[in-house]
Amino acid sequence: MVELTSSPLILLFGGVALFIYGMTLASQSLEKLFASRITFLLKKLSANQFLSVIVGISMTTVLQSSGAVTSLLVGLGSARVITLRQVMGVIIGTAIGSTLTVQIISFPLSQFSLPILIVAFSCYFFAKKPQIKNAALVLFGFGLLFLGMGLISGSAKILAELPETQSVIARLRDHPYISIFFAMCFCALVQSSAVTIGLAMSLAQAGAIDLHQAMFWVYGANIGTTSIALLAAVGGNSIAKQVAWAHFFYKTLSVVIFLIPGVNTALVGMLAEFHTSVFRQVANGHLLFNLISAAIFFPLINKGSAIIEKMFPKDPKEEFGTEFLTMNNYESSALAVSYAHREIQRTADIVVSMIEDSVKLFEKEDPELLRSIKERDNQVDFLYREIKMFLLDHVNKSQVAVHQNLMGMIMFLSDLERAADSIDINVTTLAVKKHALHLEFSNEGWTEIRDMHARVLKVVRLGISAFYQRDLTETAIQEKRDLAKYEFTLKEEHIKRLNRGMRESINTSSIHLDLMSEYKRIASLICTHAYTSGGNN
Numbered sequence: 014m015v016e017l018t019s020s021p022l023i024l025l026f027g028g029v030a031l032f033i034y035g036m037t038l039a040s041q042s043l044e045k046l047f048a049s050r051i052t053f054l055l056k057k058l059s060a061n062q063f064l065s066v067i068v069g070i071s072m073t074t075v076l077q078s079s080g081a082v083t084s085l086l087v088g089l090g091s092a093r094v095i096t097l098r099q100v101m102g103v104i105i106g107t108a109i110g111s112t113l114t115v116q117i118i119s120f121p122l123s124q125f126s127l128p129i130l131i132v133a134f135s136c137y138f139f140a141k142k143p144q145i146k147n148a149a150l151v152l153f154g155f156g157l158l159f160l161g162m163g164l165i166s167g168s169a170k171i172l173a174e175l176p177e178t179q180s181v182i183a184r185l186r187d188h189p190y191i192s193i194f195f196a197m198c199f200c201a202l203v204q205s206s207a208v209t210i211g212l213a214m215s216l217a218q219a220g221a222i223d224l225h226q227a228m229f230w231v232y233g234a235n236i237g238t239t240s241i242a243l244l245a246a247v248g249g250n251s252i253a254k255q256v257a258w259a260h261f262f263y264k265t266l267s268v269v270i271f272l273i274p275g276v277n278t279a280l281v282g283m284l285a286e287f288h289t290s291v292f293r294q295v296a297n298g299h300l301l302f303n304l305i306s307a308a309i310f311f312p313l314i315n316k317g318s319a320i321i322e323k324m325f326p327k328d329p330k331e332e333f334g335t336e337f338l339t340m341n342n343y344e345s346s347a348l349a350v351s352y353a354h355r356e357i358q359r360t361a362d363i364v365v366s367m368i369e370d371s372v373k374l375f376e377k378e379d380p381e382l383l384r385s386i387k388e389r390d391n392q393v394d395f396l397y398r399e400i401k402m403f404l405l406d407h408v409n410k411s412q413v414a415v416h417q418n419l420m421g422m423i424m425f426l427s428d429l430e431r432a433a434d435s436i437d438i439n440v441t442t443l444a445v446k447k448h449a450l451h452l453e454f455s456n457e458g459w460t461e462i463r464d465m466h467a468r469v470l471k472v473v474r475l476g477i478s479a480f481y482q483r484d485l486t487e488t489a490i491q492e493k494r495d496l497a498k499y500e501f502t503l504k505e506e507h508i509k510r511l512n513r514g515m516r517e518s519i520n521t522s523s524i525h526l527d528l529m530s531e532y533k534r535i536a537s538l539i540c541t542h543a544y545t546s547g548g549n550n
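See below:
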């Protein structure tokens, strides 16, 4: 019976697992080390496409994954921070930057993997500074990557000698498109083009496939890596889809060019003259493929962007976004406070409109109003994320006074978001329940709910004003306390109706009391800042 550790498939998949984990660890640690640098690079996105290509190369070098960078761009597209035309150059740059990892693994470094792991572990274990620990994790990740590559190479040598493997590869030799499809699927599965190309290198080194076939694996891996961004764009807006599909079409059309009869043969002939090592030949082939593709498509960026934008037009419903926060505002903390205040006021206005309309939900069934409230809650969630990210960018680099102001703004923004969620989740649920059970409030109960709603609106508006005008904080606090007393009085009145056996009150008791409590909670959330900071002007 063959030992488990000697099975070529165990070696192969174990090597792939180590390779992927090592790359992930290195990527995450590099991101922590260079988080500010990534932010800086994103600020440099502009109409200058050549600069965008440099940004793409730099970001992929830092994150060690073109798929991760493109997914990040998809996320920024969903957040409307970027446009397709801004990132077309970045997409080309990520393709070039992705060749670095393949170049590294093409060198025979697996023999140094264990010493690298020992050094990295020692540095991490004894280091005190977070930066040194992260640097050690980067080194540890590369150590695992090299170790995994060694296992993949070892398994490839064994697999190459198996009759089954030779039979499959013989069939693939005459069907390059199947090789491309297999590499594409494998890359999509493991979410790493470097692993796929590394496996092709190992099989070529073992003699299982020749350089021609190895290049087909390279082409398939380049298409397969687009699956990461395509998955990230699922459910995203038009910009997210544009970015993801632009990445896919760029890679696919590049492969189509290299499949023109004679092109791949010419490339392989050129690679054979450059280096005798198959590892280096495949790595250089990957590099040349991306450099040539970049040279071909770079002049066509604007035309390509126009085509993609027509294929995935902007939905009119996607027009909502931040109005005052732009990349240019990030440089000054003073400007950041001013712009963020405006966006917070926009957020507050949306929350107030949700509170205003919430009571209408209990008058009659209104699916359109429910949809509108849900949409407004999504807008609040969007503004919360954008403003919070905007402010956090300034927290660590601001002076103490500004730092406290920014943190107060973030806390108030969080309370606004929670108030919106309370309407969207809790209040709407109560309304849906009331109509589903065909219940009606008593006349007295409905009057009390409307009165409570009116008072809550008054306190909420006062609480928002107090955030900007500190002299209103005491008034806001007193009004909030009066509201709490009023809510308690209304609950007592409701209990009296229950004791009198009023049928409507009995049937709607839980809805009535929960709605009162929810309204009071919303008012409390909006006034929380008055108890803590006394305003944040």
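First residue of the sequence shown? That's 14 in the numbering used here, and the numbers climb one at a time after it. Quick reminder that beta carbons are idealized off the backbone N, C-alpha and C, glycines included.
Pairs of beta-carbons, one from the stretch 510-527 and one from the stretch 453-465, closer than 8 Å: are there three or more?
Yes, they touch.
When DSSP labels each residue in this structure, what does Pro121 get in the three-state scheme?
Reduced to three states, the DSSP call for Pro121 is coil.
For Pro312, which of helix, strand or coil comes out of DSSP?
Helix, per DSSP.
By a C-beta neighbour count over all protein chains shown, 10 Å radius and 16 as the cutoff for buried, is Lys327 buried or exposed?
Result: exposed.
Return the chain-ordered list of same chain residues with a C-beta closer than 7 Å to the C-beta of Asn147, the five sequence neighbours on each side being excluded.
Cβ within range, chain order: Ser42, Lys45 and Leu46.
Within 10 angstroms of the Cβ of Gly154, are there 16 or more other Cβ atoms? Answer buried if so, exposed if not.
Answer is buried; the Cβ neighbour count reaches 16.
Count the other CB atoms, across all protein chains shown, that sit within 10 Å of the CB of Phe138; report buried if there are 16 or more and exposed otherwise.
Result: exposed.
So what does DSSP say about Thr112, is it helix, strand or coil?
Here Thr112 sits in helix by DSSP.
If you reduce the DSSP assignment to three classes, tell me which class Met162 lands in.
It is helical.
Considering only their Cβ atoms, is the gap separating Thr83 from Thr288 smaller than 8 Å?
Sequence inspection shows His at residue 288; the Thr mentioned does not correspond to that position. No; because the gap between Cβ atoms is not below 8 Å, this pair is not in contact.
Look up Ala221 in the DSSP assignment and say whether it is helix, strand or coil.
Three-state result, Ala221: coil.
Which one of Thr460, Ala245 and Ser435 has the shortest CA to CA distance from Gly85?
Checking the sequence, you will find Leu at residue 85 rather than Gly. With distances taken between Cα atoms, Leu85 lies closest to Ala245.
Quick check for students: name the residue ranges of the alpha helix (DSSP H) that lie wholly in the stretch 131-207, counting only runs of 4 or more.
Correct list: 143-174, 176-186 and 189-203.
Evaluate contact between the stretch 531-542 and the stretch 463-470, counting only Cβ atoms and requiring at least three cross-stretch pairs below 8 Å.
Judged by Cβ distances under 8 Å, the stretch 531-542 makes contact with the stretch 463-470, as three or more pairs qualify.
On the three-state DSSP scale, how would you describe Ala246?
Of the three classes helix, strand and coil, the one that applies to Ala246 here is coil, per DSSP.
Taking the beta carbon of Tyr397 as the centre, do at least 16 other beta carbons fall within 10 Å, making it buried, or is it exposed?
By the neighbour-count rule (16 or more Cβ atoms within 10 Å), Tyr397 is buried.
Please state if the CB of Leu443 and the CB of Leu528 are separated by a distance shorter than 8 Å.
Result yes, Cβ atoms of Leu528 and Leu443 sit closer than 8 Å.
Am I right that Met72 and Leu158 are in contact with their C-beta atoms under 8 Å? What's the rounded C-beta distance?
Actually they are not in contact, since the Cβ atoms of Met72 and Leu158 sit about 19 Å apart, beyond 8 Å.
Helix, strand or coil, according to DSSP, for Met515 in the structure here?
If DSSP states are grouped into helix, strand and coil, Met515 belongs with coil.
Please return the same chain residues whose Cβ sits closer than 7 Å to the Cβ of Gly298, not counting the five positions on each side in sequence.
Correct list, in chain order: Met228, Val231, Leu280 and Leu284.
Under a three-way DSSP split, which group does Met340 fall into?
In this predicted model, Met340 has a pLDDT of only 48, less than 50, meaning its place in the structure is not dependable; the value taken from the coordinates is given anyway. Met340: helix per DSSP, three-state reduction.
Please work out which residues of its chain come closer than 6 Å, Cβ to Cβ, to Ser240, disregarding the five sequence neighbours upstream and downstream, and give them in chain order.
Ala201, listed in sequence order.
Counting Cβ pairs closer than 8 Å, one from the stretch 64-71 and one from the stretch 197-213, do we hit at least three?
Touching, no, given that fewer than three Cβ pairs across the two stretches are closer than 8 Å.
Measure the Cβ-Cβ separation of Val365 and Val473 and say whether it is below 8 Å.
Yes, the Cβ-Cβ distance between Val365 and Val473 is below 8 Å.
Taking His525 as the reference, which of Ala543, Asp484, Pro189 and Thr460 has the closest Cα?
The option with the nearest alpha carbon to His525 is Thr460.
Near Gly237, what residues of its chain come up, given a Cβ to Cβ distance below 6 Å and the 5 sequence neighbours on each side ignored?
The residues are Met197, Cys200 and Ala201.
Here's a check: name, in chain order, each residue in its chain whose Cβ is nearer than 6 Å to the Cβ of Thr265, leaving out the five neighbours to either side.
Once the five neighbours on either side are set aside, the close Cβ partners of Thr265 are Ile236.
Trp258 to Ala361, Cα distance in whole Å?
Taking the straight line from one Cα to the other gives about 36 Å.
What does the alpha-carbon distance come out to for the pair Leu243 and Thr441?
Going by the C-alpha atoms only, they are around 34 Å apart.
Could you round the C-beta distance between Val256 and Leu496 to whole angstroms and report it? I think they count as a contact, below 8 Å.
47 Å between Cβ atoms; not a contact.
Which residue from Lys401, Met367 and Lys377 puts its Cα closest to that of Ser385?
The option with the nearest alpha carbon to Ser385 is Met367.
Can you tell me whether DSSP reads Thr521 as helix, strand or coil?
Coil, per DSSP.
Using alpha carbons as the reference points, say which of Met422, Ser168, Ile104 and Ala39 lies closest to Ser306.
Taking only the C-alpha atoms, the option nearest Ser306 is Ile104.
In angstroms, rounded to a whole number, what distance separates the CA positions of Ala393 and Leu22?
The sequence given here places Val at residue 393; Ala does not occur at that position. Taking the straight line joining both Cα atoms gives about 51 Å.
When we look at the beta-carbon of Val269 and count the other beta-carbons within 10 Å, is it buried (16 or more) or exposed?
Exposed, by the Cβ-count rule.
Could you tell me whether the Cβ atoms of Ala432 and Leu538 are closer together than 8 Å?
Closer than 8 Å, so yes.
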